[in-house]
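Notes follow the structure.
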Ligand code: NDP
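Residue numbers (our numbering): 11 to 394.
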């Protein structure tokens, strides 16, 4: 391994992935250094993190909180910046070895692209980046010779399963927990509340992805993410509902052999692996006990009840800016559901209608994505 500490920039350090990434760094302070920490609005937690980890730089995206943050850290030699532009600048200009993209939503795209253009290695949690602009991001990663290491547990599992395999993938088996409403009827789904939706059976995550998991949009996004990370066709990605979330995903090869990665559901494992790849570091995380894992079960996903999953395949087949439209509409309805402004099933209806209405662009450039995101948000918002 390199003999200097790896300097890590955590974009979104106050979130679920961000805080777990700091736990990983805390376990390996001899190897990693939290060099840049960023948040959107959560000054209190950012200050706590900065006091504990003593980064070079902290950035708060919401500029109205700059002064509070600066005052709270005025006794420490930590540089404090604010604004979305600053996020891009710091990852571009500062000597970080790796950028953990752990912001949520479309907002993660621009800083991730900036980091790629600066040749920084990426640990990617922000799946929306690949959903929105997978083609562009892949092209830039190739041009700037940047490696994108998946943090999403499923994609980390797929990545680990293909290591050392020069042969192509025949099929990806993308596992899904099915979320809290796996066995609900349409009638039941029509009246579920956000409190119920926020109660994921296996994973403790940020609010947005938890709702996406309940609606299976998250799995749809992961299908798109898998296409761009592993260069497979949509028909080579099979979603398999596996409620125990022990098999994190698997890959099938031309001879029929299937390789999978297993473990207890704990995001710190794939986060740490993205940091330490190609090595593995010792961890104190819980081990999988096969004797306590009574049963592993598998089901087909129901794309009638979980329409979002189907919409993601449609967006992927259509290509162009369609996945960007899908993502923008989803961000609008996800928030509206969290604010109790629409029901659970209405989310899919609005996304589908937005996909039909928004202007289609076959070969979008970066500016087209910005425009599409804007337009699709407007269309979806009008339907709320
Ligand atoms: P959280 O909502 O818990 O955290 C999001 C982080 O991003 C926070 O630090 C937040 O700051 C910051 N942030 C939010 N909006 C902006 C913005 N506009 N500009 C700058 N920073 C912003 O999300 P998660 O950690 O759950 O998820 C992060 C990403 O990782 C998502 O893309 C998700 O899909 C993906 N992911 C998450 C998993 C999980 O287990 N949580 C698993 C696999 C993937 P603040 O705290 O101030 O709001």
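Virtual Cβ for every residue (Gly too), placed ideally from N, Cα, C.
Residue 30 to residue 158 span [Cα, whole Å]: Start at 1 with the first residue of the chain shown, and residue 30 comes out as number 20. Start at 1 with the first residue of the chain shown, and residue 158 comes out as number 148. The straight-line gap from Cα to Cα measures roughly 19 Å.
Three-pair Cβ contact test at 8 Å for the stretch 340–358 versus the stretch 290–304: no
Endpoints, alpha helix (DSSP H) assigned at residue 169: For the purposes of this step, residue 169 is identified with residue 159 of the chain shown, where counting begins at 1. Element bounds for residue 169: 163–172.
Contact test: residue 218 Cβ vs the ligand NDP heavy atom, cutoff 7 Å: Within the chain shown, numbered from 1, the residue matching residue 218 stands at position 208. Checking the Cβ of residue 218 against the ligand NDP gives yes.
Within 8 Å, strictly: CB atoms of residue 132 and residue 117: Counting from 1 along the chain shown, the entry for residue 132 is found at position 122. Counting from 1 along the chain shown, the entry for residue 117 is found at position 107. For residue 132 and residue 117, no; Cβs fall outside 8 Å.
Continuous beta strand (DSSP E) assignments of at least 3 residues falling wholly in the stretch 79–103: 89–92
Rounded distance between the beta-carbons of residue 172 and residue 109, thought under 8 Å: Within the chain shown, the letter at position 99 stands for residue 109. Within the chain shown, the letter at position 162 stands for residue 172. Contact doesn't hold; Cβ gap of about 23 Å is too wide.
Per DSSP, the bridge partner or partners of residue 42: Position 32 of the chain shown, counted from the start, is the residue given in the question as residue 42. Per DSSP, the beta-bridge partners of residue 42 are 16.
Where the beta strand (DSSP E) containing residue 248 begins and where it ends: Translated into the one-based positions of the chain shown, residue 248 becomes position 238. 247–251 is the extent of the beta strand (DSSP E) around residue 248.
Contiguous alpha helix (DSSP H) assignments of at least 4 residues, all confined to the stretch 180–211: The qualifying runs are 196–200 and 204–207.
Contacting residues, own chain, Cβ-Cβ under 7 Å from residue 15 (five flanking each side not counted): For the purposes of this step, residue 15 is identified with residue 5 of the chain shown, where counting begins at 1. The residues are 41, 42 and 43.
Residues that residue 105 bridges to, as DSSP identifies them: Here residue 105 is taken as the residue at index 95 of the chain shown, counted from 1. Residue 105 pairs with nothing; no bridge assigned.
Where residue 157 sits in the DSSP three-state scheme: Within the chain shown, the letter at position 147 stands for residue 157. If DSSP states are grouped into helix, strand and coil, residue 157 belongs with coil.
Beta strand (DSSP E) runs wholly inside the stretch 308–364, at least 3 long, in chain order: none
Whole-angstrom distance between residue 265 and residue 175, CA atom to CA atom: Taking the chain shown and counting its residues from 1, the one referred to as residue 175 is at position 165. Taking the chain shown and counting its residues from 1, the one referred to as residue 265 is at position 255. Rounded to the nearest angstrom, the two C-alpha atoms are 12 Å apart.
Minimum C-alpha distance to residue 299 - residue among 274, 208, 136 and 248: Here the question's residue 299 lines up with position 289 in the chain shown. With respect to the C-alpha of residue 299, the residue from 274, 208, 136 and 248 having the closest C-alpha is 274.
Limits of the unbroken beta strand (DSSP E) element including residue 68: The count along the chain shown starts at 1 and reaches residue 68 at position 58. Note, residue 68: beta strand (DSSP E), 67–70.
Same chain, Cβ closer than 6 Å to residue 220, neighbours up to 5 away in sequence not counted: Indexing the chain shown from 1 puts residue 220 at position 210. Within the same chain, residue 220 has close Cβ partners 208 and 210.
Terminal residues of the alpha helix (DSSP H) in which residue 62 lies: Taking the first residue of the chain shown as 1, we reach residue 62 at position 52. First-last of the alpha helix (DSSP H) with residue 62: 53–63.
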